[in-house]
Amino acid sequence: EAQVTQNPRYLITVTGKKLTVTCSQNMNHEYMSWYRQDPGLGLRQIYYSMNVEVTDKGDVPEGYKVSRKEKRNFPLILESPSPNQTSLYFCASSLFGEGYNEQFFGPGTRLTVL
Amino acid sequence: ILNVEQSPQSLHVQEGDSTNFTCSFPSSNFYALHWYRWETAKSPEALFVMTLNGDEKKKGRISATLNTKEGYSYLYIKGSQPEDSATYLCAFREAAGNKLTFGGGTRVLVKP
């Protein structure tokens, strides 16, 4: 089954404790992206990657890191989480090239930073 | 940060009625406009990707139109059903860029 998976789905942590949210897709998509969703603000893009070893900042990259060492995986790293990073996070992937391609979203990760 | 706006933020529709709502985006440097449907406790799912001015797309009772010159897209739901209740998101991609900018969404509640 074609899918995007994220782990963990739920996480409660404390300020400053490094964490990684994994994202994996099995559709051989070039483009992968991370979004955060906050009430009243819609989905905001954090980082995206157009292929292995190619990453770029979205609109809200501060406090986050990403890596793309393999085509299927695109982990999101919070080196020192803070309460303002409490949010619902989505990973998404799509084909790249023409740029018209729809995004396939993972199930979401709800993160709470105390 | 690009300005992509959706209106209204929410609307209530009686079952069987038709409705429509708007996505506004920059009229310059247009590349593509996406529509997604997002049900509660699920992930957003793509409805349409629109690229050409005057484009019209249809999927079942849902359709969308695109005006790139004036920077807006309409999403229509004909004969709304309770299962149409969801948040509908539009997303804009500008030319010469790879970022996707989402609007805040229109939350639709269809009352039986």
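Read top to bottom, the protein sequences are chains V and B. Its first residue numbered 500, the first sequence is counted upward by one per residue in my numbering. Its first residue numbered 3, the second sequence is counted upward by one per residue in my numbering. Yeah, the Cβ is synthetic: ideal placement off N, Cα and C, and Gly gets one too.
Quick one: what does DSSP say residue 620(V) is sitting in, helix, strand or coil? Because chain V in this structure spans residues 500 to 613, residue 620(V) falls outside the shown range and cannot be described.
Could you check whether the stretch 599-611 of chain V touches the stretch 37-51 of chain B, counting it as contact only if at least three pairs of C-beta atoms, one from each stretch, sit closer than 8 Å? The answer is yes - the stretch 37-51 of chain B touches the stretch 599-611 of chain V, with three or more Cβ pairs under 8 Å.
Indicate whether at least one CB of chain B lies closer than 7 Å to the CB of residue 606(V). It does; some Cβ of chain B falls within 7 Å.
Proximal residues of chain V, C-beta to C-beta of residue 32(B) below 8 Å: Neighbourhood of residue 32(B) in chain V, by CB distance below 8 Å: empty, with the nearest CB roughly 12 Å away.
Which of the three DSSP states, helix, strand or coil, is assigned to residue 22(B)? Residue 22(B): strand per DSSP, three-state reduction.
Spatial distance of residue 48(B) from residue 500(V) (CA atoms): Looking at the two C-alpha atoms, the distance is approximately 17 Å.
Residues bridged to residue 541(V) (per DSSP): Paired residue(s): 537(V).
Separation of residue 35(B) from residue 25(B), as counted between CA atoms: Their backbone Cα atoms lie some 9 Å apart in a straight line.
Could you pull out every unbroken beta strand (DSSP E) segment of at least 3 residues lying fully inside the stretch 79-113 of chain B, listed in chain order? Taking only runs of at least 3 residues, the beta strand (DSSP E) segments lying wholly in the stretch 79-113 of chain B are 88-96, 108-113.
For residue 541(V), decide whether its Cβ has a neighbour in chain B, counting only Cβ atoms nearer than 7 Å. With its beta carbon less than 7 Å from one in chain B, residue 541(V) belongs to the interface.
On the three-state DSSP scale, how would you describe residue 527(V)? Coil, per DSSP.
For residue 578(V), does the count of other Cβ atoms within 10 angstroms reach 16, so buried, or fall short, so exposed? So residue 578(V) counts as exposed.
Which residue or residues does DSSP assign as beta-bridge partners of residue 521(V)? DSSP, once it has assigned bridges, lists 506(V) as partnering residue 521(V).
Residues bridged to residue 565(V) [DSSP beta-bridge criterion]: In the DSSP secondary-structure assignment, residue 565(V) is bridged to 575(V).
Going along the chain, which residues of the stretch 20-52 of chain B sit with their C-beta nearer than 7 Å to a C-beta in chain V? Of all residues in the stretch 20-52 of chain B, only 33, 34, 36, 45, 46, 48, 51 come within less than 7 Å of chain V when Cβ atoms are compared, listed by chain position.
With a threshold of 16 other CB atoms inside 10 Å of the CB of residue 107(B), please say whether the residue is buried or exposed. It counts as buried.
Where does residue 69(B) sit, in a helix, a strand or coil, going by DSSP? Three-state result, residue 69(B): strand.
Residue 512(V) CB to nearest heavy atom of the ligand NAD below 6 Å: In terms of ligand content, the structure shown is empty, and the ligand NAD therefore cannot be addressed.
Within a Cβ cutoff of 8 Å, which residues of the same chain sit near residue 20(B), ignoring the five residues on either side of it in sequence? Closer than 8 Å at the Cβ level, and outside the excluded window around residue 20(B), lie 78, 79, 80, 81, 82.
In chain V, which residues lie less than 8 Å from residue 3(B) when you measure between Cβ atoms? The answer, in chain order, is 558.
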